[in-house]
């Protein structure tokens, strides 16, 4: 008698229901027509899907909307808001790019109504996407306004003094440090805090993408490809480029993530798909900083892409794949096109179903922009 | 008189003044700081039907609590809350989640509050919650009869045999009754305390169980002995039937709710196990009446008093189960059982004294042992 309530019952016991219940089978118990005892709510659809919905989630979604204004950043703007720094010339004629970065404690809303006590670079997670060109001198004035010691550790080539680890560029609260190095090698990189305990400093939100565009002059044999990657060039203008930082949030601090996302906000790009022009190619800068899980991944629906691991080559390291996995800190560039597809909403998400169902679910809304402009002009 | 009133009013006014001053000055401000509010959420009921999963939750936060997201099996899922908005301390709400649950499998739910605190709830085995219609009422009623009325009535059939026995038999049967009641007392307290843990902490379940059991015991003792005499004969049998009836109400609740939540299937083997388990109860009820000759309707009434609550229990348990109410029912049962243990024990002692023997005879000891052992052994049948 004692263990009545907790007992895990094997399924075969369910089969025993029949005999005693006589003519009344469990199935009839299940589908009696009396009204359910919980209150019926006619406004169900409106409450559960305030974004209007695109019919792709079938109930599998977070409920409500994140207040971007309160957060101070918008996941759709993060996709493309490259921070190119303040540009000036060095005495030797080289380019100097200067950035101002502050670390600050800030509560951010990572899913509707769900708040996370984050540590941020410039008040946002991920931090600003720094975008420079190969060979540029990069100077970052880092100020720590947070409550703990922080640093900026860049994935790139630099001296030991500039590594942003305990003993080299670790900044106590209220302190300041200037990181300076020449941007090498070109590729899709990242920066993150390397103060200890490392795991907590990363999963609290101190990371961001660091993109070094190739300098076409340094790669004469593949100058056209290099130019297509160089932000501001004519060749680059036809590309639709987005940065996607795969991350997660452990809201109850049990070393498991409650929320997975790209660019922090769960379901941000499934509730409001990323609009792309069918005619123009797409390039994704994909960075994985997910803590606690060994890998994260991206799977593209109905299409395939070329992949440049770390973005440090001008020829793909993998061709014609639709799923790529990255360990923490790994990153790469994905190139794809929908020009031969019919317009529509195309899914992409982590191919760990768990991550997808906990927020890392996204959509491209592939449209014919030229046709639409024509239509709206009439 | 007016002085007495003054000495009531004055302290009350002072208490109000102290509380007002404390809240206004907030001297503990430095201690509260940035500490997040205490949050507590208890799932009291789970319903599964063609619309998905519905949970009734009770909040227990230091401040009004909001449920911002719901995960089912590690996936964020759409849900509606009725009533909407933040839940005050001890307030309840229904969450309706249109989730395609799978018959016979386990589902894990996680409720998240704004601070990211998670509250887990597991549905061990998903089965459709029975709906209240004539068919299921009849079926569950039959289960209640088999668990309650049938065994008690069958147990009573030993009455003629008991009558034909001598004084030793009478003492043995009384002791047997004490033994079975002792088993029921421990079992009832166990169930009550286990349910108390599942109830919302705000109810202070375990304290409530002990208080209600003690109060029930005191009231029943007082009512039973209102004429200044210890209970015997039919009136003692009635008390035993009442105590066992209250226990069977709890047992019915447990069976009904366990079936409704899918934690057990009502196999015929299990129900027959309960029938056998409760058989001894019938013997216990008629034991004090061995020296009288009550009419048949008395037996019928006692069987109904002891057995019918099981029917009510199964009904309530399957349709409207809440752990705190069930804990309360078990606590009342425990108090009632304690009362009849005292009364039957007193009768046993009186009987022994009349014969100038120690009440703690070998007969009594073996009777108590046999009663408890019979209950223990037959309980193995209902352990699943």
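Protein chains in written order, with the UniProt record's numbering: chain U, 1 to 378; chain B, 1 to 384. Glycine is no exception: its CB is placed at the ideal position from the N, C-alpha and C atoms. Quick caveat: nothing in here was measured; it's all calculated off a predicted structure.
What residue from B/343, B/103, B/250, B/190 has the CA that sits closest to residue 310 of chain B's CA? Numbered from its first residue, the second chain carries residue 310 of chain B at position 310. For residue 310 of chain B, the nearest C-alpha among the options comes from B/250.
Positions along the UniProt domain "Plastocyanin-like" (259 to 367) of chain U whose CB lies within less than 8 Å of some CB in chain B: 266, 267, 354, 357, 358, 359
Under three-state DSSP, which class holds residue 328 of chain U? Along the first chain, one-based indexing puts residue 328 of chain U at 328. Here residue 328 of chain U sits in coil by DSSP.
Which residues in the same chain have their Cβ closer than 6 Å to the Cβ of residue 156 of chain U, if we skip the five residues on either side of it in sequence? In the first chain, the residue the question calls residue 156 of chain U occupies position 156. Answer for residue 156 of chain U: 189, listed in chain order.
Does residue 90 of chain U get closer than 8 Å to chain B when you measure Cβ to Cβ? The residue you call residue 90 of chain U lines up with position 90 of the first chain. With 8 Å as the cut-off, residue 90 of chain U does not count as an interface residue toward chain B.
Under a Cβ-count criterion, where at least 16 other Cβ atoms within 10 Å of its own Cβ denotes burial, should residue 118 of chain U be classed as buried or exposed? Taking the first residue of the first chain as 1, we reach residue 118 of chain U at position 118. Flag for residue 118 of chain U reads buried.
Check distances from the C-beta atoms of the segment 111 to 133 of chain B to those of chain U and list, in chain order, the residues that come in under 9 Å. 112, 113, 114, 115, 116, 117, 118, 124, 125, 127, 128, 129, 130, 131, 132, 133
Measuring alpha carbon to alpha carbon, tell me which of U/230, U/342, U/127, U/299 ends up nearest residue 276 of chain U. Stepping through the first chain from its first residue, residue 276 of chain U is reached at position 276. Among U/230, U/342, U/127, U/299, the Cα nearest to that of residue 276 of chain U is on U/342.
Residue 335 of chain B: buried (16+ other C-beta within 10 angstroms of its C-beta) or exposed? For this step, residue 335 of chain B is matched to residue 335 along the second chain. Buried, by the Cβ-count rule.
Under the three-state DSSP convention, the category residue 248 of chain B falls into: By 1-based counting over the second chain, the position of residue 248 of chain B is 248. Correct three-state label for residue 248 of chain B: helix.
Buried or exposed: which applies to residue 332 of chain U, given that a residue is buried once 16 or more other Cβ atoms fall within 10 Å of its Cβ? Here residue 332 of chain U refers to the residue found at position 332 of the first chain. Residue 332 of chain U comes out buried.
Report, in whole angstroms, the separation of the C-beta atoms of residue 55 of chain B and residue 72 of chain B, which I expect to be a contact under 8 Å. Position 55 of the second chain holds residue 55 of chain B. Position 72 of the second chain holds residue 72 of chain B. Rounded, the Cβ-Cβ distance is 10 Å, inconsistent with contact.
Entirely enclosed beta strand (DSSP E) segments - the segment 20 to 47 of chain B, minimum 3 residues: none
From the beta carbon of residue 75 of chain B, is the nearest beta carbon of chain U less than 8 Å away? Sequence index remark: in the second chain, residue 75 of chain B carries index 75 (1-based). Residue 75 of chain B counts as touching chain U.
For residue 179 of chain B and residue 169 of chain B, what's the separation of their Cα atoms in angstroms? Sequence index remark: in the second chain, residue 179 of chain B carries index 179 (1-based). Sequence index remark: in the second chain, residue 169 of chain B carries index 169 (1-based). Between residue 179 of chain B and residue 169 of chain B, the C-alpha separation is close to 15 Å.
Since residue 68 of chain B meets chain U, which of its residues come closer than 9 Å, beta carbon to beta carbon? Locating residue 68 of chain B in the second chain gives position 68, counting from the first residue. Here the neighbours are 62, 63, 64, 111, 112, 113, 114, 115.
If you measure from the beta carbon of residue 376 of chain B to each beta carbon in chain U, is any gap under 8 Å? The residue given as residue 376 of chain B occupies position 376 in the second chain. No, residue 376 of chain B lies away from the interface with chain U (no Cβ there is under 8 Å from its Cβ).
Is it the case that the segment 281 to 288 of chain B contacts the segment 154 to 163 of chain B, given that we only count it when at least three CB pairs across the two stretches are under 8 Å? yes
Step through the CB atoms of chain B and report whether any lies within less than 8 Å of the CB of residue 205 of chain U. Locating residue 205 of chain U in the first chain gives position 205, where the first residue counts as 1. Chain B, which has no Cβ nearer than 8 Å to the Cβ of residue 205 of chain U, makes this no.
Look up residue 243 of chain U in the DSSP assignment and say whether it is helix, strand or coil. Locating residue 243 of chain U in the first chain gives position 243, counting from the first residue. Looking at residue 243 of chain U - three-state DSSP - the assignment turns out to be strand.
Between residue 252 of chain U and chain C, is there a C-beta pair that is closer than 8 Å? You won't find chain C in this structure, because its protein chains are U and B.
Contact criterion: CB-CB distance below 8 Å. Does residue 321 of chain B meet it with respect to chain U? For the purposes of this step, residue 321 of chain B is taken as the residue at position 321 of the second chain. No, no contact with chain U.
Does the pairing of the segment 189 to 208 of chain U with the segment 114 to 128 of chain U give three or more beta-carbon distances under 8 Å? yes
Give the secondary structure of residue 153 of chain U by DSSP, where H, G and I count as helix, E and B as strand, and everything else as coil. The residue you call residue 153 of chain U lines up with position 153 of the first chain. Note: residue 153 of chain U maps to strand in three-state DSSP.
Within the segment 281 to 324 of chain B, ranges of the alpha helix (DSSP H) (whole runs, at least 4 residues): 296 to 319
Measuring CB to CB, does residue 111 of chain B end up less than 8 Å from residue 67 of chain B? Here residue 111 of chain B is taken as the residue at index 111 of the second chain, counted from 1. Here residue 67 of chain B is taken as the residue at index 67 of the second chain, counted from 1. Cβ atoms of residue 111 of chain B and residue 67 of chain B: closer than 8 Å.
With a threshold of 8 Å on Cβ separation, who are the neighbours of residue 215 of chain B within its own chain once the five nearest residues in sequence on each side are excluded? On the second chain, position 215 is the one that residue 215 of chain B refers to. These residues qualify, in order along the chain: 335.
Keeping to the same chain, check which residues put their C-beta closer than 6 Å to that of residue 185 of chain U; ignore five residues upstream and five downstream. Counting from 1 along the first chain, the entry for residue 185 of chain U is found at position 185. The answer, listed in chain order, is 312.
Alpha carbon to alpha carbon, how far is residue 349 of chain B from residue 366 of chain B? Locating residue 349 of chain B in the second chain gives position 349, counting from the first residue. Locating residue 366 of chain B in the second chain gives position 366, counting from the first residue. Roughly 15 Å between the two C-alpha positions.
Check whether the segment 352 to 361 of chain U and the segment 247 to 263 of chain U are in contact - that is, three or more C-beta pairs closer than 8 Å. yes
In the DSSP assignment, find the alpha helix (DSSP H) that holds residue 55 of chain B and state where it starts and stops. On the second chain, position 55 is the one that residue 55 of chain B refers to. It is not in any alpha helix (DSSP H) - residue 55 of chain B instead sits in the beta strand (DSSP E) that spans 52 to 59.
Can you list the beta strand (DSSP E) stretches of 3 or more residues lying completely in the segment 227 to 290 of chain U, in chain order? 240 to 249, 259 to 262, 274 to 277, 282 to 288
Whole alpha helix (DSSP H) elements within the segment 110 to 163 of chain B, 4-residue minimum: 134 to 147, 149 to 156
Is the segment 189 to 197 of chain B touching the segment 327 to 343 of chain B in the sense that three or more CB pairs, one from each, lie closer than 8 Å? yes
C-alpha gap between residue 238 of chain B and residue 7 of chain B, whole angstroms: As a first step, residue 238 of chain B must be located in the second chain, where it is residue number 238. As a first step, residue 7 of chain B must be located in the second chain, where it is residue number 7. Their Cα atoms are separated by approximately 47 Å.
Residue 248 of chain U versus chain B: which residues are under 7 Å apart at the beta carbon? The residue you call residue 248 of chain U lines up with position 248 of the first chain. Going along chain B, no residue has its Cβ under 7 Å from residue 248 of chain U, so there is no contact; the nearest lies around 12 Å.
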